[in-house]
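With the first letter of the sequence shown counted as 1, position 161 gets the number 284 in the numbering used here; the numbers rise by one all the way through. Here a beta-carbon is modelled for each residue, glycine too, at the ideal position from N, C-alpha and C.
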Amino acid sequence: MFELIDIGVNLTDKRFRNDIEDVVQRAKAAHIRAMLLTGTSLSSSEQAVALCQQYPEYLYATVGVHPHDASSLNDQVLDELFALSQHPCVVAIGETGLDFNRNFSTPDEQVLALNNQIELAKTAKLPLFLHDREATSTQINILKPFASHLEGAVLHCFTGNKDALFSYLDLGCYIGITGWVCDERRGLELKSLVKEIPNDRLLLETDAPYLLPRDLPFKAKKGRNEPAFLQHIASSVAALRHTSIEQLAAQTTTNTRRLFSI
124 MFELIDIGVN LTDKRFRNDI EDVVQRAKAA HIRAMLLTGT SLSSSEQAVA
174 LCQQYPEYLY ATVGVHPHDA SSLNDQVLDE LFALSQHPCV VAIGETGLDF
224 NRNFSTPDEQ VLALNNQIEL AKTAKLPLFL HDREATSTQI NILKPFASHL
274 EGAVLHCFTG NKDALFSYLD LGCYIGITGW VCDERRGLEL KSLVKEIPND
324 RLLLETDAPY LLPRDLPFKA KKGRNEPAFL QHIASSVAAL RHTSIEQLAA
374 QTTTNTRRLF SI
């Protein structure tokens, strides 16, 4: 029997509002041993911690402010995030990073928010949960001086090129792979790169309700991704790495427990 851990679930999203218990039970039935709920704002971080308290030792959380909302990060929010980070279910700071694709917050606001959350991670002694979209070189340059002072980091939902992959690996980052790898249009480069990720740096995630795998053999309820589909993603990754799902599950579960101390 294999077990998987989904390191990226947006269970506070409104698309899960009416059936969280069913989603959790389907995940358990699909060999999902634990899930990490992603905090993307102070509000969603608070909601994630509250959900963890309903499912102790099954749900864990990150707390942070997504680059889209970087303009909302001020000293008061940082203080409240630090207080949240002391809860035993909180295992990382983030989702933080840079997103220069849409710039819902300005690049300067995003850089400031990232630096503040790096300091928060150092103070809280927690790893970073990182986002990167069209900002790799800037983000790498920001992270590089801090790499040896962090409790680790994962580049969540990696979709970059080979240079980006090895830049993050060189910093000691783990790499999170989602159902993007199941996309026959956008995921071709990622398919070729998955086998390049060292065994001890690979993590798996759904990013549910987003990034529904396009090649699911059935129609997803409400057209929504959910943690139970991590098994499908794991099978795809295992095939690309020429290994069994059992071996992949054992390795990625070990990696997840190591990084997040769960």
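Under 8 Å, with one C-beta from each stretch per pair, do the segment 335 to 353 and the segment 314 to 326 reach the 3-pair mark?
no
For Ile216, the residue or residues it bridges with in DSSP:
On the sequence shown, residue 216 is found 93 positions in, with the first residue counted as 1. Per DSSP, Val186 and Leu251.
Is the beta carbon of Leu387 sitting closer than 8 Å to the one on Ala258?
This structure cannot settle anything about residue 387, because the visible part of the chain is limited to 124 through 385.
Return the chain-ordered ranges of every beta strand (DSSP E) run that is complete within the segment 151 to 208 and spans a minimum of 3 residues.
155 to 160 and 182 to 186
What residue from Ala276, Met124 and Glu369 has the CA that sits closest to Ile130's CA?
On the sequence shown, residue 130 is found 7 positions in, with the first residue counted as 1. It is Ala276.
Just tell me which of Glu328, Glu312 and Leu311 has its CA closest to the CA of Ile298.
Working through the sequence shown from its first residue, we reach residue 298 at position 175. That would be Glu328, whose Cα lies nearest to the Cα of Ile298.
Rounded to whole angstroms, how far is the Cβ of Glu307 from the Cβ of Asp338, which I believe are closer than 8 Å?
Position 184 of the sequence shown, counted from the first residue, corresponds to residue 307. Position 215 of the sequence shown, counted from the first residue, corresponds to residue 338. Their Cβ separation, rounded to whole angstroms, is 7 Å, which keeps Glu307 and Asp338 in contact under 8 Å.
For the pair the segment 235 to 250 and the segment 261 to 271, tell me if three or more CB-CB distances fall below 8 Å.
yes
Lys314 and Leu294: beta carbons closer than 8 Å?
For the purposes of this step, residue 314 is taken as the residue at position 191 of the sequence shown. For the purposes of this step, residue 294 is taken as the residue at position 171 of the sequence shown. It is not a contact, given that the beta carbons lie outside the stated cut-off.
Would you kindly check if the distance between the Cβ of Ile216 and the Cβ of Ser228 is under 8 Å?
The sequence position of residue 228 within the sequence shown is 105, counting from 1. The sequence position of residue 216 within the sequence shown is 93, counting from 1. No; because the gap between Cβ atoms is not below 8 Å, this pair is not in contact.
Nearest-angstrom beta carbon gap, Leu159 and Thr135 [assumed within contact, 8 Å]:
Reading the sequence shown from its first residue, position 12 is the one you call residue 135. Reading the sequence shown from its first residue, position 36 is the one you call residue 159. 12 Å between Cβ atoms; not a contact.
Where does Ile241 sit, in a helix, a strand or coil, going by DSSP?
Translated into positions along the sequence shown, residue 241 becomes position 118. Of the three classes helix, strand and coil, the one that applies to Ile241 here is helix, per DSSP.
Whole-number beta carbon distance between Leu335 and Gly302, since they are thought to touch under 8 Å:
As a working mapping, residue 302 is identified with position 179 in the sequence shown. As a working mapping, residue 335 is identified with position 212 in the sequence shown. Yes, Gly302 and Leu335 are in contact; Cβ-Cβ is about 6 Å, under 8 Å.
Among the residues of its own chain, which have a CB less than 7 Å from the CB of Gln170, if the five just before and after it don't count?
By 1-based counting over the sequence shown, the position of residue 170 is 47. Contacts found: Thr135.
What number of angstroms, rounded off, separates the C-alpha of Glu180 from the C-alpha of Glu126?
Taking the first residue of the sequence shown as 1, we reach residue 180 at position 57. Taking the first residue of the sequence shown as 1, we reach residue 126 at position 3. Distance between the alpha carbons of Glu180 and Glu126 is about 15 Å.
With a threshold of 16 other CB atoms inside 10 Å of the CB of Glu242, please say whether the residue is buried or exposed.
Numbered from 1 along the sequence shown, position 119 holds the residue referred to as residue 242. Its Cβ having fewer than 16 others within 10 Å, Glu242 is exposed.
According to the neighbour-count rule (16 or more other Cβ atoms, all chains shown, within 10 Å of its Cβ), is Asp433 buried or exposed?
Absent from the structure is residue 433, since the part of the chain shown begins at 124 and ends at 385.
Determine the extent of the alpha helix (DSSP H) in which Val277 is found, giving its start and end residues.
Translated into positions along the sequence shown, residue 277 becomes position 154. Looking at the DSSP string, Val277 is not in any alpha helix (DSSP H); the run it does join, the beta strand (DSSP E), is Ala276 to Leu278.
Close beta carbons around Thr163, own chain, < 8 Å, minus the five adjacent residues each side
As a first step, residue 163 must be located in the sequence shown, where it is residue number 40. For Thr163, where only same-chain residues beyond five positions count, the Cβ hits under 8 Å are Asn133, Gly187, Val188, His189, His191, Asp192 and Glu218.
Distance check for Thr375 and Arg324, CA to CA, integer angstroms please.
Numbered from its first residue, the sequence shown carries residue 324 at position 201. Numbered from its first residue, the sequence shown carries residue 375 at position 252. Answer to the nearest angstrom: the Cα atoms are 8 Å apart.
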